[in-house]
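Enquirer:
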Amino acid sequence: MLCSIVPPYMLRRIAAQSEPRLWAVARAAKESLLHIKDLQAVRAAPAPSTPPSVVAAKPSPPKRTIYDADTSENLPGRVVRKEGAAPIGDAAADEAYDGLGSTHRLYAEIFGRDSIDGAGLALDATVHYGNLYDNAFWDGNQMVFGDGDGEIFQRFTKSVSVIGHELAHGVTQFTAGLNYRNQAGALNESMSDVFGVLVEQYLKKETTEQASWLIGEGLFTDKVQGAALRSMKAPGTAYDDDILGKDPQPDSMDTYVRTSADNGGVHINSGIPNRAFYLVASELGGNAWGAPGQIWYGTLTSGSLPSACTFGKFAKTTAATAEELFGVGSVEHDAVLKAWETVKVKV
Amino acid sequence: MKITVQRSGGIAAMTRVWSVEAVSDDDKERWMPIVEACPWDEAKSQARTVNEPDRFMYSIRAGQRRATLPERAVTGPWQELVECAKAEGSESRGRLGARR
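Protein chains in written order, with the working numbering: chain A, 1 to 347; chain B, 1001 to 1100.
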């Protein structure tokens, strides 16, 4: 039998806390209340084989290891810095170490999450991957960063939003498990952009108004006419360059891109849910890791998203999460509904 | 024979295309073994393989043959074909599909 050591009346009181520093605690209390409600409904039924945790455990400190691939494509490479060790003087390795720490801190302090898998997963990253490799990716187990080609891209560890983006793919893998194709893939990408910018904003303590809302700011060399890879505030405006062309992201369903490339345009159509998140944050003001982040994180971890999730299903779940956290007709709930209406996704 | 390698995806989602026209006998003689060495029939089963987040996707054409491969599958003869096309082909930036 699953039991909570904290009585329901106390959980309800904690859950009602609106002070930002108590959001993680309030969320844990709300989750506990939901579990208790479920238990009351099925008390006569057999105990589940894997009981959900009642109260979120205190997140453990990060366990980071940085590897160097020495421009090969062999992973993970040789260890160059472990948890607690001093900087080694290699910009990519030290940026990766710091970026992993900033990402771990956001999840722990704001969402009460114990690393990427919620169970203290060690954070591994490889830098100097490949020869002039112009990319960064999550391979299912670790992050991998290239040095860039020096013509268009600089090293990919330069942007903390990119580091946060890659780790968020891990969080999505361990929670909603969104497919990496078509609309589910675009949502997978959008989750990474959302939590990537939140890592950067939380690190810099920026408000919604102060933040750039750019993904990968500073990655381009000075030969490129562009500010970043993507803009969540104004999708389609991040770059406009003679060689690269124009940022192809749509900002509403009116300009949704149908393509077989890029796994069905996962990095392209992510502009639509990205903008929805920005609009919620803009409407509410303050810190985006507050109510907007809580609604999106709650949605991602709700257990309600199918792996082949559509924009419509995701939008409905954000509205339901906002309602659950803040109530029907609350400014947060209204902001979510208005944002999806603006980007023309039906809720 | 026209050989085209299109690379899409990656965190930056910028599509790059490398094209080679193997017109002369010498060109055909050099490119045919590279093309023939690739397991085109096996590639069909990889077309719907789930890719790792932010990795590149490759669409490769050589004459009438076509293959779509996740980056992880671009090894051996595929890697040689891709590397040769990148090294010798003319490059253009691809455009993604039509807007709705």
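Positions of the beta carbon are idealized from the N, C-alpha and C atoms, including for glycine. It should be emphasised that the depicted structure is a prediction, and the values quoted were computed from it without experimental measurement.
Can you list, in chain order, the residues of its chain whose CB lies under 6 Å from that of A1037/B, leaving out five sequence neighbours each side?
Expert: So the qualifying residues of the chain are P1077.
Enquirer: Tell me the residue span of the alpha helix (DSSP H) that contains F1056/B.
Expert: From DSSP, F1056/B is part of no alpha helix (DSSP H) but of the beta strand (DSSP E) over 1056-1062.
Enquirer: Tell me which residues of the stretch 1031-1056 of chain B have at least one Cβ-Cβ distance to chain A shorter than 9 Å, keeping chain order.
Expert: From the stretch 1031-1056 of chain B, only R1048, V1050, N1051, E1052, P1053, D1054, R1055, F1056 have a Cβ closer than 9 Å to chain A.
Enquirer: Report yes if the C-beta distance between G265/A and D251/A is below 8 Å; otherwise report no.
Expert: Their beta carbons are not under 8 Å apart, which means G265/A does not touch D251/A by this criterion.
Enquirer: Hey, does F195/A have any beta-carbon neighbour from chain B nearer than 8 Å?
Expert: Cβ-Cβ to chain B under 8 Å: no for F195/A.
Enquirer: Under a three-way DSSP split, which group does Y256/A fall into?
Expert: Residue state, collapsed to three classes: coil.
Enquirer: If you draw a straight line from the alpha carbon of A322/A to that of T255/A, how long is it in whole angstroms?
Expert: Their Cα atoms are separated by approximately 27 Å.
Enquirer: What in chain B is Cβ-close to A162/A, meaning under 9 Å?
Expert: First, the residue type needs correcting, since residue 162/A is Val and not Ala in the sequence shown. Going along chain B in sequence order, the residues near V162/A (Cβ under 9 Å) are I1011.
Enquirer: Check the Cβ of L229/A against every Cβ in chain B and list those closer than 9 Å, keeping chain order.
Expert: Neighbours of L229/A on chain B, chain order: I1011, A1012, A1013, M1014.
Enquirer: Report yes or no: is there a C-beta of chain B within less than 8 Å of the C-beta of T342/A?
Expert: It does not; no Cβ of chain B falls within 8 Å.
Enquirer: Chain A beta carbons: is any one of them nearer than 8 Å to that of S1008/B?
Expert: Closer than 8 Å: yes.
Enquirer: Would you call the stretch 200-210 of chain A in contact with the stretch 172-183 of chain A, where contact means no fewer than 3 C-beta pairs closer than 8 Å?
Expert: Because the criterion of three Cβ pairs below 8 Å is not met, the stretch 200-210 of chain A and the stretch 172-183 of chain A do not touch.
Enquirer: Are V1017/B and V1082/B touching if we call contact CB-CB under 8 Å?
Expert: Not in contact: V1017/B and V1082/B (Cβ atoms no closer than 8 Å).
Enquirer: On the DSSP bridge assignment, give the partners of F145/A in chain order.
Expert: For F145/A, which the question treats as bridged, DSSP gives the partners A136/A.
Enquirer: I'd like to know if the stretch 178-195 of chain A and the stretch 89-102 of chain A are in contact, where contact means that at least 3 CB-CB pairs between them fall below 8 Å.
Expert: As far as the Cβ criterion goes, the stretch 178-195 of chain A does not touch the stretch 89-102 of chain A, which means the pair count is below three.
Enquirer: Below 8 Å between beta carbons is the criterion; list the residues of the stretch 132-150 of chain A that meet it against any residue of chain B, in chain order.
Expert: Correct list: D134, N135, A136, F137, W138, D139, G140.
Enquirer: Can you name, in chain order, every residue of its own chain whose Cβ lies under 7 Å from the Cβ of V347/A, other than the five neighbours on each side?
Expert: Hits under 7 Å: A315, K316, A319, L337, W340.
Enquirer: Please confirm whether G245/A has its beta-carbon closer than 8 Å to some beta-carbon of chain B.
Expert: Chain B, which has a Cβ nearer than 8 Å to the Cβ of G245/A, makes this yes.
Enquirer: Closest Cβ-Cβ distance between R1093/B and chain A: below 8 Å?
Expert: By this cut-off, R1093/B is an interface position.
Enquirer: Tell me the DSSP secondary structure of G1009/B in three-state form.
Expert: Strand.
Enquirer: Which of the residues in the stretch 267-290 of chain A, read from start to end, lie with their CB under 7 Å from any CB of chain B?
Expert: Hits within the stretch, in order: H267, I268.
Enquirer: Could one say the Cβ of E166/A lies closer than 8 Å to chain B's Cβ atoms, at least one of them?
Expert: Yes, because at least one Cβ of chain B sits closer than 8 Å to the Cβ of E166/A.
Enquirer: D262/A touches chain B at which residues, Cβ-Cβ below 8 Å?
Expert: Residues of chain B passing the Cβ test: S1008, G1009, A1013, T1015, M1057, L1096.
Enquirer: Assuming H104/A and L75/A form a contact by the criterion Cβ under 8 Å, report the distance between their Cβ atoms to the nearest whole angstrom.
Expert: That belief does not hold up - the Cβ atoms of H104/A and L75/A are roughly 21 Å apart, past 8 Å.
Enquirer: In chain D, what lies closer than 8 Å to N188/A by C-beta?
Expert: Among the chains of the structure shown, chain D does not appear; the protein chains present are A and B.
Enquirer: Taking only heavy atoms of the ligand GDP into account, decide whether any of them is closer than 7 Å to the Cβ of A1012/B.
Expert: Summarising the ligand content, the structure contains no ligands, and the ligand GDP is consequently not present.
Enquirer: Please state whether the Cβ-Cβ distance between Y278/A and K233/A is less than 8 Å.
Expert: Yes, the pair counts as a contact, with Cβ atoms nearer than the cut-off.
Enquirer: R1093/B bridges to which residues according to DSSP?
Expert: Partner(s): R1016/B.
Enquirer: Hey, quick one: how far does the beta strand (DSSP E) through K82/A stretch, first residue to last?
Expert: That run of the beta strand (DSSP E) goes 78-82.
Enquirer: Throw me the rounded Cβ distance for the A238/A and D247/A pair, which I believe falls under 8 Å.
Expert: The pair is a contact, with the Cβ atoms about 4 Å apart (cut-off 8 Å).
Enquirer: Taking 8 Å as the CB-CB cut-off, is H169/A touching chain B?
Expert: It does: the Cβ of H169/A has a partner Cβ on chain B nearer than 8 Å.
Enquirer: Measuring straight from C-alpha to C-alpha, what distance separates I152/A and R1061/B?
Expert: Using only the alpha carbons, I get a separation of about 26 Å.
Enquirer: If we require 4 or more residues per run, which alpha helix (DSSP H) segments fall completely within the stretch 167-232 of chain A?
Expert: Whole alpha helix (DSSP H) segments, 4+ residues: 182-204.
Enquirer: With a threshold of 8 Å between beta-carbons, can Y180/A be considered close to chain B, or not?
Expert: For Y180/A, the answer is yes, since a Cβ of chain B falls inside 8 Å of its Cβ.
Enquirer: Which class does V160/A belong to by DSSP, given the choice of helix, strand or coil?
Expert: Here V160/A sits in helix by DSSP.
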